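I have placed the structure first, in the form of structure tokens, so that the comments after it can refer back to it.
Residue numbers (mature numbering (1 follows the signal peptide of the UniProt record, and there is no 0)): -24 to -1, 1 to 492.
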């Protein structure tokens, strides 16, 4: 038994040990999943480092995985995915860091990246060219030429940005100059350039300010002050502006207050008394007693039968004297044991009857339960409603008249106290004052007016963005940058994409806003 246990244990350890990983590696290898196969063999080899067979299989999987990665790297180069080619080349090189074939692959990828970066530079796409050199610098083994190439590319881009910023300044295009100075400030990270960026941003934003002159009539005086807090991008709402882009007159008569009431019925359930009902526990105890008494009768009958068996065997033994047969002796002994067992059981059953009777005596035949009643009572619902009609009149760049009906209502219930047993006390009227309700109405009027101002602003932005996108000529970039400045938080992605194609700057919003 012991040797078999050892054999089974040894087989179990083998199944969980290196051979299990080898089997998995073989399966992955057969399925051409060389990466998984290599991982399985290396795990097995770590547990059995002296195995020549596992070492051979691991080397086979490593070689095939390297060839697979080499093919993937070249395919990525051919389709222009140079960053993908760099990352794949890195994986392949890590398999054979000192081998000639890995060095050849690194050299090929490096040359492809350098060539691609050079073509991008010719197309003035310094951003992508710099990114390629920076990724290559980190992914390819050192030493490699891309660290120096990245520095040279960054310097070239900075020179180009300076030249374009100066050209924009000379052409009177401060928005285009802002774009180039902002990107240069990101690359150089100097306080002087960032100050220049901020000055240009302030200048362009001031030139692009969308001024709304607002005048309120029929409202509390502060409506004008509340509306002037609205600011979004270059949108500014002011009062008493001489030459605004849009004038807005907000008018409305005093709120109309309407009181109404209606009656509804409510109901409440309360405990109105108690009543006596049959106690289900008493019935259960009674059932227990009756069952115990039946068990006693059964036990008594069993004792009677057992006594008769003993009497029968004793009579047989007396007839067989002087030599009593073994069967009679055995039967007499068994009958006497059965009789004793039956008498013991009878004692237990009588004890159970006594306990069941005591439990029944402790349990009341009836119990008290609550009686619930329903009470209905009238409730008055008082409603106070404030209404107003807000008139908006736009003029200037945007001409429109709009009427906005607004309404605010509050309700409260009242009823007298109900009978004390219901637990419902009096509910007095607690409606807010007309003045408090008017404040809520004013807040809604402000929100509705702000929404309309923003709609007008957005319509203007969209029209100006489309004009900039359709604009021909040298000033197109300046116009496009102005579109972004109007609302940097909600940049038009069409415009940002067009700016990238014209300037080579992929993150125009970030360059304009500042920060790295």
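For glycine and all other residues, C-beta sits at the position ideal for the given N, C-alpha and C.
Model, not experiment: these values are computed from the prediction.
Three CB pairs or more closer than 8 Å across the stretch 328 to 335 and the stretch 223 to 241: no
For the candidate residues 282, 305, 281, 280, whose alpha-carbon lies nearest to that of residue 292? If you number the chain shown from 1, residue 292 lands on position 316. Comparing Cα positions, the closest option is 305.
What residues in its chain sit with their C-beta under 7 Å from that of residue 153, if we drop five residues either side in the sequence? Within the chain shown, residue 153 is the residue found at index 177, counting from 1. The answer, listed in chain order, is 141, 144, 145, 176.
Alpha carbon of residue 18 to alpha carbon of residue 480, nearest angstrom: Your numbering for residue 18 matches position 42 in the chain shown. Your numbering for residue 480 matches position 504 in the chain shown. For residue 18 and residue 480, the distance between alpha carbons rounds to 47 Å.
Nearest-angstrom Cα distance between residue -2 and residue 34? Translated into positions along the chain shown, residue -2 becomes position 23. Translated into positions along the chain shown, residue 34 becomes position 58. Using only the alpha carbons, I get a separation of about 12 Å.
Within 10 angstroms of its Cβ, does residue 80 collect 16 or more other Cβ (buried), or is it exposed? Working through the chain shown from its first residue, we reach residue 80 at position 104. Residue 80 should be labelled exposed.
Alpha helix (DSSP H) containing residue 289: first to last residue? Taking the first residue of the chain shown as 1, we reach residue 289 at position 313. That run of the alpha helix (DSSP H) goes 256 to 295.
Given that a residue counts as buried once 16 or more other Cβ atoms are within 10 Å of its Cβ, and exposed if not, what is residue -15? Your numbering for residue -15 matches position 10 in the chain shown. Confidence at residue -15 is low in this model, with a pLDDT of 45, below 50, so the placement of that residue is unreliable and no value is reported for it.
Rounded to the nearest angstrom, what separates residue 240 and residue 229 at their Cα positions? To locate residue 240, count along the chain shown from 1; it is residue 264. To locate residue 229, count along the chain shown from 1; it is residue 253. Computed Cα separation, rounded: 34 Å.
Per DSSP, what are the beta-bridge partners of residue 249 in this structure? Within the chain shown, residue 249 is the residue found at index 273, counting from 1. Beta-bridge analysis with DSSP links residue 249 to 347.
Below 8 Å on the Cβ atoms is my guess for residue 433 versus residue 211; work out the distance and round it to an integer in Å. Indexing the chain shown from 1 puts residue 433 at position 457. Indexing the chain shown from 1 puts residue 211 at position 235. Between residue 211 and residue 433 the Cβ distance is about 5 Å, and since that is below 8 Å, they are a contact.
What does the alpha-carbon distance come out to for the pair residue 424 and residue 203? Within the chain shown, residue 424 is the residue found at index 448, counting from 1. Within the chain shown, residue 203 is the residue found at index 227, counting from 1. Approximately 11 Å between the Cα atoms of the pair.
Take residue 421 as the anchor and find which of 59, 368, 465, 77 has the nearest alpha-carbon. If you number the chain shown from 1, residue 421 lands on position 445. The shortest C-alpha separation from residue 421 is found at 368.
Any contact between the stretch 237 to 254 and the stretch 465 to 472? By contact I mean 3 or more CB pairs, one from each, below 8 Å. no
Looking at C-alpha atoms only, which residue of 295, 62, 157, 163 is the closest neighbour of residue 117? Counting from 1 along the chain shown, the entry for residue 117 is found at position 141. When each option's Cα is compared against that of residue 117, the closest is 62.
Unbroken alpha helix (DSSP H) run spanning residue 83, endpoints: Counting from one through the chain shown, the residue named residue 83 turns up at place 107. Element bounds for residue 83: 76 to 98.
DSSP bridge partner residues for residue 192 (one or two, in chain order): Residue mapping note: residue 192 aligns to position 216 of the chain shown, counting from 1. Its beta-bridge partners are 226.
Buried or exposed for residue 234, please, with buried defined as at least 16 other CB atoms from any protein chain shown within 10 angstroms of its CB. Taking the chain shown and counting its residues from 1, the one referred to as residue 234 is at position 258. Looking at its Cβ environment, which holds fewer than 16 other Cβ atoms inside 10 Å, residue 234 is exposed.
To which residues of the same chain is residue 258 closer than 6 Å at the C-beta, ignoring the five residues directly before and after it? Working through the chain shown from its first residue, we reach residue 258 at position 282. Here the set comprises 339, 341.
What residues in its chain sit with their C-beta under 7 Å from that of residue 373, if we drop five residues either side in the sequence? Start at 1 with the first residue of the chain shown, and residue 373 comes out as number 397. Same-chain partners within the cutoff: 221, 222, 436.
Just how far apart, CA to CA, sit residue 398 and residue 346? The residue labelled residue 398 in the question sits at position 422 within the chain shown. The residue labelled residue 346 in the question sits at position 370 within the chain shown. Cα to Cα, the separation comes out at about 14 Å.
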